[in-house]
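In our numbering, the protein residues as written are 75 to 119. Only one structure is covered here, and it is reproduced in the block below.
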Amino acid sequence: ISGIFTLEPGDVILTGTPAGVGPVRAGDVMEAGIETVGRLTVNVQ
75 ISGIFTLEPG
85 DVILTGTPAG
95 VGPVRAGDVM
105 EAGIETVGRL
115 TVNVQ
């Protein structure tokens with residue numbers, strides 16, 4: 075990507091949805107994390 079575009083701090087790169095995932099439903103828990111920053115957990119209602 076950086077060979078085509080100039081990436082700046084804070085840029086977000088979206089890569090699409092991986093195979094095998096479905097819709098988010100009430101009761102699902104989504105988690106994301108960055109090793110040096112921390113984790114974010116979202117309980118879907």
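Glycine residues also receive a C-beta, built at the ideal position from the N, C-alpha and C atoms. The structure displayed is predicted, hence computed values, not measured ones.
Who are the near neighbours of residue i in its chain, counting only those whose CB is closer than 8 Å to its CB and skipping five residues on each side?
i, result
"residue 105", "113, 114, 115, 116"
"residue 100", "118, 119"
"residue 95", "none"
Rounded to the nearest angstrom, what separates residue i and residue j at their Cα positions?
i, j, result
"residue 110", "residue 84", "15 Å"
"residue 91", "residue 108", "19 Å"
"residue 93", "residue 103", "19 Å"
"residue 98", "residue 80", "33 Å"
Assuming residue i contacts residue j (C-beta within less than 8 Å), just tell me the rounded distance between them.
i, j, result
"residue 78", "residue 87", "Their Cβ separation, rounded to whole angstroms, is 12 Å, which puts residue 78 and residue 87 out of contact at 8 Å."
With DSSP run on the structure shown, which of helix, strand or coil describes residue i?
i, result
"residue 114", "strand"
DSSP beta-bridge partners for residue i?
i, result
"residue 106", "114"
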